[in-house]
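Heads up: the structure comes next, in structure tokens.
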Amino acid sequence: MTRIRAALGAALALVLLVQPFATEAQHAGKVWRIGLISVAYLRIEDVFFQHLKGLGYVEGHNLVVERRYSEGRAERFPEFAAELARANLDLLIVTTTPAALAVKTATKTIPVVLTNSIDPVGVGLVASLARPGGNITGTSQQAPDIFAKRLQLLVQAIPHVSTVAVVWNAANPANARSWRQVQDAARVLGIKLQSREVRGPSDFERVLAEMTRERPDALLLIGDRLTLQHGAEIVDFATQKRIPSMLDRAYLETAGALLSYGAEEEELWRRAADLADKILKGAKPADLPIEQPTKFKFVINLKTAKTLGLTIPQSVLLRADEVIQ
Numbered sequence: 001m002t003r004i005r006a007a008l009g010a011a012l013a014l015v016l017l018v019q020p021f022a023t024e025a026q027h028a029g030k031v032w033r034i035g036l037i038s039v040a041y042l043r044i045e046d047v048f049f050q051h052l053k054g055l056g057y058v059e060g061h062n063l064v065v066e067r068r069y070s071e072g073r074a075e076r077f078p079e080f081a082a083e084l085a086r087a088n089l090d091l092l093i094v095t096t097t098p099a100a101l102a103v104k105t106a107t108k109t110i111p112v113v114l115t116n117s118i119d120p121v122g123v124g125l126v127a128s129l130a131r132p133g134g135n136i137t138g139t140s141q142q143a144p145d146i147f148a149k150r151l152q153l154l155v156q157a158i159p160h161v162s163t164v165a166v167v168w169n170a171a172n173p174a175n176a177r178s179w180r181q182v183q184d185a186a187r188v189l190g191i192k193l194q195s196r197e198v199r200g201p202s203d204f205e206r207v208l209a210e211m212t213r214e215r216p217d218a219l220l221l222i223g224d225r226l227t228l229q230h231g232a233e234i235v236d237f238a239t240q241k242r243i244p245s246m247l248d249r250a251y252l253e254t255a256g257a258l259l260s261y262g263a264e265e266e267e268l269w270r271r272a273a274d275l276a277d278k279i280l281k282g283a284k285p286a287d288l289p290i291e292q293p294t295k296f297k298f299v300i301n302l303k304t305a306k307t308l309g310l311t312i313p314q315s316v317l318l319r320a321d322e323v324i325q
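FYI, the numbering for the sequence shown is 1 to 325, going by the numbering used here.
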């Protein structure tokens with residue numbers, strides 16, 4: 001009996017030793033196929049694929065990427081989702097909530113990674129952040145009181161602000177929560193809001209005209225793939241009209257926005273790539289928690305402040321993670 005146990009133990013040890021190498025051998029030479037659905041190409045997605053490359057997935061070598069961009073036409077997401085659900089993919093990357101909802105309807109089997117999602121639990125994409133369930137996981141920019149923080153920083157940087165125009169995509173169900181948070185924060189700070197809703201690319205001209213007629217003291221952008229696609233256009237308008245702007249994406253500071261405060265988006269995209277790697281190696285999305293931001297960045301553009309004729313208080317400058325001269 002003792003010899004039998006010893007033999008079984010040795011056999012089990014051998015299996016455990018050989019299994020990882022067998023898995024590697026199985027994946028050696030495999031060409032992975034992933035899909036990506038987004039509103040439009042944004043250079044931030046390069047961070048994801050660059051990080052994947054560092055993990056051993058090289059487009060054109062062992063990785064094929066099927067990209068689908070709606071160019072602001074949300075009605076195309078169900079078509080893209082259905083098409084890619086039939087494309088024999090190993091993984092789907094989704095960058096916006098309307099596309100994610102379409103994908104959730106189209107497939108229950110293909111693993112899905114959300115990048116920088118807004119409110120995945122609230123819109124019904126996952127059961128909870130800790131235990132997503134189903135075939136969806138990813139990263140989320142969701143963080144407590146982040147909109148209150150943005151408005152506070154805006155008021156501290158520009159004390160005379162009393163009216164803020166908020167540009168947001170009302171067609172994206174995840175933004176409903178963001179809009180409520182902005183309203184709650186504005187009530188506490190005594191700020192009047194002007195809601196400037198967009199639902200597609202054709203709405204931006206109207207929104208800019210409304211802000212020309214009813215000039216706000218400042219502008220706040222609720223970022224999603226649609227509004228960020230037009231981010232530079234909005235920032236240019238605000239600068240030309242001498243309206244200070246607060247964004248949630250630091251990389252738009254280079255376009256001339258005065259302020260930004262938000263999660264470090266590049267970090268979230270890299271973490272999404274790490275999740276993709278785990279899934280391609282066999283992990284189940286249901287068991288991988290939605291990852292939330294741990295790093296935030298406050299950026300002030302003094303070049304824009306000078307253009308707008310504003311002096312940012314020293315106490316606010318000292319709190320900035322980056323100051324653009």
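From the three backbone atoms N, C-alpha and C, an ideal C-beta is built for every residue, glycine too.
In this text the structure is predicted, and so the values were computed from the model without any measurement.
In terms of CA proximity to residue 191, 166 leads the group 166, 212, 203 and 248. Nearest Cα to residue 128 within the set 290, 205, 193 and 272: 290.
For residue 303 against residue 321, the beta-carbon gap comes to about 17 Å, at or over 8 Å, which does not count as contact. In this structure, residue 120 sits near residue 140, with a CB-CB distance shorter than 7 Å. Measuring C-alpha to C-alpha distances from residue 315 to each of 40, 114 and 156 identifies 156 as the nearest. If you look at residue 212, you'll find it in the alpha helix (DSSP H) that goes 203-213. Annotation: residue 85 to residue 204 spans about 32 Å, alpha carbon to alpha carbon. By the neighbour-count definition (other C-beta atoms within 10 Å, threshold 16), residue 265 is a buried residue. If you draw a straight line from the Cα of residue 74 to the Cα of residue 188, it comes to about 34 Å. By a beta-carbon distance limit of 8 Å, residue 222 contacts residue 168. Their separation comes to about 4 Å. Exposure of residue 202 is indicated by the presence of fewer than 16 other C-beta atoms within 10 angstroms of its C-beta. Annotation for residue 95: 38, 115 and 225 place their beta carbon closer than 6 Å to its own, counting only its chain and skipping 5 residues before and after. The alpha carbon of residue 56 has as its nearest neighbour, out of 171, 76 and 32, the alpha carbon of 32. In this chain, the alpha helix (DSSP H) harbouring residue 188 covers 175-189.
Inclusion of residue 218 and residue 310 in the CB contact set at 7 Å is not warranted, their separation being larger than that value. Check the Cα spacing between residue 160 and each of 319, 318 and 312: the tightest is with 312. Between the beta-carbon of residue 273 and that of residue 52 there is about 5 Å, and that keeps the pair under the 8 Å contact cut. Distance from residue 59 to residue 49 at the Cβ level is roughly 6 Å; contact confirmed, criterion being Cβ atoms closer than 8 Å. Separation of the CB atoms of residue 210 and residue 196 is rounded to 6 Å, and the pair is thereby assigned contact status at 8 Å.
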